[in-house]
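As structure tokens, the structure follows; a few thoughts come after it.
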Amino acid sequence: MSLDQSRYDTNAAFVKACVNTLKDNRNDPTELAKILVQSGSILLLQTESFTEFLEKYIPQTLGAFDSTTNEGQRQCIEYATVLLNFFNILPQMNLPPIMPFKTEKDDQDYNHFQEASIKGIELLLSSKESPFNAKRLSKDKHLALTLARVQSQLISLYLQRLHGDKSKNLNKAVEMAQSALKVLNPESSLKEYVQVTSLVGVAYKKNAQLCKDEQERESYYKKSLESYESIINSQTIRMNDPQTWAATNNNLANTYLEMAGSSSQALFDILNPSNNDEVKDFSTRIELIDKATLRFVESSKLFDKDTQELQWSTMEYNLGYAHLLMANQLFIGAIVNHSSPQINLLNLIPGAVQAANDAFKQALTVIKPNAQRGAEWARLQIFSAEANLYDLLLRQSLTPAERLQGLQNVDKMLTDACKLFSPVTGPMWYARAQYHLASIYDMLYHQCAQEEKEDRLQLMYKCADHYRNVDIVYENSLKNNPQVHVSSKLISTLKDQLDILDGELEGYQHNE
Numbered sequence: 001m002s003l004d005q006s007r008y009d010t011n012a013a014f015v016k017a018c019v020n021t022l023k024d025n026r027n028d029p030t031e032l033a034k035i036l037v038q039s040g041s042i043l044l045l046q047t048e049s050f051t052e053f054l055e056k057y058i059p060q061t062l063g064a065f066d067s068t069t070n071e072g073q074r075q076c077i078e079y080a081t082v083l084l085n086f087f088n089i090l091p092q093m094n095l096p097p098i099m100p101f102k103t104e105k106d107d108q109d110y111n112h113f114q115e116a117s118i119k120g121i122e123l124l125l126s127s128k129e130s131p132f133n134a135k136r137l138s139k140d141k142h143l144a145l146t147l148a149r150v151q152s153q154l155i156s157l158y159l160q161r162l163h164g165d166k167s168k169n170l171n172k173a174v175e176m177a178q179s180a181l182k183v184l185n186p187e188s189s190l191k192e193y194v195q196v197t198s199l200v201g202v203a204y205k206k207n208a209q210l211c212k213d214e215q216e217r218e219s220y221y222k223k224s225l226e227s228y229e230s231i232i233n234s235q236t237i238r239m240n241d242p243q244t245w246a247a248t249n250n251n252l253a254n255t256y257l258e259m260a261g262s263s264s265q266a267l268f269d270i271l272n273p274s275n276n277d278e279v280k281d282f283s284t285r286i287e288l289i290d291k292a293t294l295r296f297v298e299s300s301k302l303f304d305k306d307t308q309e310l311q312w313s314t315m316e317y318n319l320g321y322a323h324l325l326m327a328n329q330l331f332i333g334a335i336v337n338h339s340s341p342q343i344n345l346l347n348l349i350p351g352a353v354q355a356a357n358d359a360f361k362q363a364l365t366v367i368k369p370n371a372q373r374g375a376e377w378a379r380l381q382i383f384s385a386e387a388n389l390y391d392l393l394l395r396q397s398l399t400p401a402e403r404l405q406g407l408q409n410v411d412k413m414l415t416d417a418c419k420l421f422s423p424v425t426g427p428m429w430y431a432r433a434q435y436h437l438a439s440i441y442d443m444l445y446h447q448c449a450q451e452e453k454e455d456r457l458q459l460m461y462k463c464a465d466h467y468r469n470v471d472i473v474y475e476n477s478l479k480n481n482p483q484v485h486v487s488s489k490l491i492s493t494l495k496d497q498l499d500i501l502d503g504e505l506e507g508y509q510h511n512e
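Numbering of the sequence shown is given in full-length UniProt numbering, commencing with residue 1 and proceeding in unit increments.
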């Protein structure tokens, strides 16, 4: 698409207005957002020609400053700095998409503001007229830190980028980060070193998530762990910035948990023992979860509930989840592992469940169902319900009345979670809660006396309704996103359970 002079002038006037606004409101981008929305200028950012315009505008505008004088150089640096600030905050602003953007190459919508920012920062790094030209800055050790700071902004954008091949974007991020790390170290540039190194860890972890090949995935995870460990092993960072050290330690722990797998499939195995496949590598997963737990415990020592309740409660949340995952894997090793079950592991499950429940209760003293942390609260209800289900399933000493009360408590937790999650907002969490609710009613149905036909029928109806809710969510997910990971075993079992329930319901109705 050619860019005529009239359109170029319009775009140039728009960018100048944005720059002038940011000069006066450098720390308050809300004024810029108001101008964009109120003037309709937001439309300019949603045309493919805007990035083409930047290719001409940035070199031309920065080249117009007199580079032979100190004043001209100062003005050029000031203008380029404000441009950089503009490109940095643009993707973060909550701006409404007014018109669809379809690229000629792949006909997919993507984030217009993100693309404008990426193009703008790329040009600031590559244009010979720019004071942030990468080749020039890299030759001056006094300016190398400035280059690394600019590169870190572009690295973040590559990691978040919606357009293009994800793996290529991640590799771009890693390549640029490795370049920046050549001049960064914890002693002279602690903040920048931690930021860029953490971004490398994120990039490798995201690449691992994309990999289908198991060995390649493991290699990316290993590189991610190494990036985080390079921060953790620095005494300079631990002594001078303990909060950042703890946050990185959490990232390391969460990577271990991600490598160990999700808890939802394990609990599905527990509730449906007849459908279990042979489970492998449970011992490796136990080892990974144990490493994560130790990391969380180590980080928790740096947070105080009274003065840092956000960080403290998040730590308890993470710690409880790690213990819950441990209970999952212990059960898999003890029961689900058909080839060589290790029954002795059952003795360790109550301790893991108790530790999970204790941590969840602590987290819930701070995390409430409000606008700020409602989703976390709802997830905690589901996690707490799962921990209680383990307790109910494994404690043989419970009386029927105690077991019934326990199931009712779990029912309330899951029902409360579903008040915040729905098939639209948090569909997978909603499905997870609905699946457990169906399992509860299935257990109650089988515990109900044969002669209590009306009660059994009502329980069967509720069970079927919850299973259908799960089925609807997964069917919609597969329809809207064929790449979404949904367990084929879970889908198959859901269908089988629904068929059985429908058959039994028809039998009841026929008899009546």
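Each residue gets a CB set at the ideal place from its N, CA and C atoms; glycine is no exception.
Length of the line joining the Cα atoms of residue i and residue j
i	j	result
residue 212	residue 296	29 angstroms
residue 366	residue 310	8 angstroms
residue 136	residue 24	30 angstroms
residue 156	residue 67	31 angstroms
residue 205	residue 180	19 angstroms
residue 138	residue 121	16 angstroms
residue 350	residue 332	14 angstroms
residue 287	residue 371	36 angstroms
residue 49	residue 17	19 angstroms
residue 305	residue 257	24 angstroms
residue 389	residue 410	7 angstroms
residue 128	residue 150	16 angstroms
residue 402	residue 426	32 angstroms
residue 471	residue 146	53 angstroms
residue 194	residue 301	21 angstroms
residue 185	residue 373	36 angstroms
residue 384	residue 79	53 angstroms
residue 250	residue 59	42 angstroms
residue 227	residue 459	52 angstroms
residue 165	residue 474	26 angstroms
residue 88	residue 335	52 angstroms
residue 315	residue 189	28 angstroms
residue 57	residue 70	23 angstroms
residue 100	residue 281	The pLDDT assigned to residue 100 is 48, lower than 50, so where the model puts this residue is not dependable; a value taken from the coordinates is nonetheless given after this. Cα to Cα, the separation comes out at about 46 angstroms.
residue 242	residue 307	15 angstroms
For residue i, the three-state DSSP class (helix, strand or coil)
i	result
residue 226	helix
residue 328	helix
residue 304	coil
residue 454	helix
residue 23	helix
residue 449	coil
residue 293	helix
residue 282	helix
residue 14	helix
residue 89	helix
residue 463	helix
residue 4	coil
Supposed close pair residue i, residue j - CB separation, criterion 8 angstroms
i	j	result
residue 292	residue 247	Not quite, the Cβ-Cβ distance comes to about 15 angstroms (not below 8 angstroms), so this is no contact.
residue 441	residue 463	4 angstroms
residue 407	residue 398	Contact doesn't hold; Cβ gap of about 10 angstroms is too wide.
residue 126	residue 134	7 angstroms
residue 376	residue 317	7 angstroms
residue 378	residue 417	4 angstroms
residue 154	residue 207	That pair is no contact at about 18 angstroms.
residue 55	residue 123	7 angstroms
residue 224	residue 244	About 17 angstroms separates the two Cβ atoms, so there is no contact after all.
residue 330	residue 348	5 angstroms
residue 252	residue 229	7 angstroms
residue 175	residue 148	With a Cβ gap of about 14 angstroms, residue 175 and residue 148 do not count as contacting.
residue 62	residue 130	5 angstroms
residue 210	residue 152	No, residue 210 and residue 152 are not in contact; Cβ-Cβ is about 22 angstroms, not under 8 angstroms.
Cβ of residue i within 7 angstroms of any chain C Cβ
i	result
residue 398	Absent here is chain C; the protein component of the structure consists of one chain.
Whether residue i touches residue j by CB criterion (7 angstroms)
i	j	result
residue 289	residue 326	yes
residue 65	residue 76	yes
residue 83	residue 113	no
residue 162	residue 240	no
residue 436	residue 414	yes
residue 467	residue 433	no
residue 203	residue 159	yes
residue 363	residue 313	yes
residue 284	residue 231	no
residue 259	residue 220	no
Runs of beta strand (DSSP E) wholly within the segment 373-405 (minimum 3 residues, chain order): none
Uninterrupted alpha helix (DSSP H) stretches inside the segment 125-180 (no shorter than 4 residues): 134-138, 144-160 and 166-180
Every unbroken alpha helix (DSSP H) inside the segment 203-257 [4 residues or more]: 214-232 and 235-240
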